[in-house]
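Residue numbers (full-length UniProt numbering): 1 to 193.
The C-beta atom is built at its ideal place from N, Cα and C for all residues, glycine as well.
So the structure is just underneath, and the comments pick up after that.
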Amino acid sequence: MTGLAAEALMNRVARGPLPDWRVFAEAFSVSRVAAGASVFRPGDQDRRIFIVRSGLIKLVYTLPDGEEWIKSFIAEEKFFACSSTLQSGAAAGFGAEAMEPSELEHCDFSVLERLAGQHIEWARVLNALLLDFAAKKEERERVFLTLKPADRFVWLKSTMPSLVERVPQKDLAAYLGVTPVGLNRIIKRLEKD
Numbered sequence: 001m002t003g004l005a006a007e008a009l010m011n012r013v014a015r016g017p018l019p020d021w022r023v024f025a026e027a028f029s030v031s032r033v034a035a036g037a038s039v040f041r042p043g044d045q046d047r048r049i050f051i052v053r054s055g056l057i058k059l060v061y062t063l064p065d066g067e068e069w070i071k072s073f074i075a076e077e078k079f080f081a082c083s084s085t086l087q088s089g090a091a092a093g094f095g096a097e098a099m100e101p102s103e104l105e106h107c108d109f110s111v112l113e114r115l116a117g118q119h120i121e122w123a124r125v126l127n128a129l130l131l132d133f134a135a136k137k138e139e140r141e142r143v144f145l146t147l148k149p150a151d152r153f154v155w156l157k158s159t160m161p162s163l164v165e166r167v168p169q170k171d172l173a174a175y176l177g178v179t180p181v182g183l184n185r186i187i188k189r190l191e192k193d
C-alpha cells in the first residue's frame with residue numbers, strides 16, 4: 001500500500017528517491033481509530049511506527065489515580081512510536097489515544113531497520129527522523145524546565161496555534177503541566193494584558 005502521509009514524510013526527509021520504496025510502502029497498513037480509542041496502552045510492546053494521515057493523537061502518561069499528563073500531540077503527516085519499545089522491546093510507559101477520529105498508517109519498525117541496514121539513503125532517513133524527534137524532545141524539555149506556566153502557554157500559541165484551536169483546554173493544561181483551573185487563570189490574565 002502506498003500511504004500518502006508516509007510517502008510525503010519520507011520524501012520530505014530524504015530529499016530524493018529512496019531505493020526499495022515499494023518494500024516500505026507495501027509494509028504499511030491503514031487503521032481508523034475512533035476519538036477516545038487507544039492506539040496503544042502503557043505496558044504494550046508495540047514496535048510499529050505510526051504516521052498520522054488525518055486526525056490528532058495524544059501521547060499520555062496516566063498516573064495510578066487516573067490523572068493524565070500529556071507528553072505530545074501528533075497531528076497530520078507527523079510520526080510517533082514508543083522509542084524504548086523500538087530500541088529494546090521494553091513495555092511502553094505511556095499510551096497513545098485518538099483525540100479526533102483518526103486515520104493512521106503504520107508498519108513494523110523492523111522494516112525501516114532492515115532498509116537502513118541495506119541502503120545508506122534509508123539510514124540517512126532514519127537518522128534524520130531520530131534527530132528531528134530528539135530536537136523536539138529537547139525543545140519540550142527546555143520549555144518545561146525554563147519557562148513559567150504563562151510563558152509555556154504563550155510559547156504553545158506561537159509555535160502550534162492550530163493545537164490551541166483543536167485541543168480541549170483540559171488537555172492543553174495537562175500538556176503544559178498545570179491544572180485546568182490554572183490554565184484558565186493564565187488565559188484570562190493574558191487576555192487582560
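DSSP-derived helix/strand/coil call for residue i
i, result
"G16", "coil"
"L86", "helix"
"I108", "In the sequence under discussion, the amino acid at residue 108 is Asp, which differs from the Ile named in the question. Looking at D108 - three-state DSSP - the assignment turns out to be strand."
"A27", "helix"
"V52", "strand"
"V181", "helix"
"D193", "coil"
Residue burial classification, residue i (beta-carbon count within 10 angstroms, cutoff 16)
i, result
"K181", "One point to set straight first is that residue 181 is Val, not Lys, in the sequence displayed. Exposed is the call here."
"T85", "buried"
"E105", "buried"
"K136", "exposed"
"A81", "buried"
Reference residue i, options the options, closest by Cα
i, options, result
"G177", "S72, E191 and A91", "S72"
"H119", "W21, N11, V30 and W155", "W21"
"Q87", "R124, I49 and F79", "I49"
For residue i, the residue or residues it bridges with in DSSP
i, result
"I70", "V60"
"F94", "In DSSP, F94 forms no bridge with anything."
"R114", "Looking at the DSSP assignment, R114 forms no beta bridge with any residue, so it has no partner."
"E103", "R32 and S54"
Task: Unbroken stretches of the alpha helix (DSSP H), 4 residues or longer, contained in the region 122–173 - done: 149–159 and 161–166
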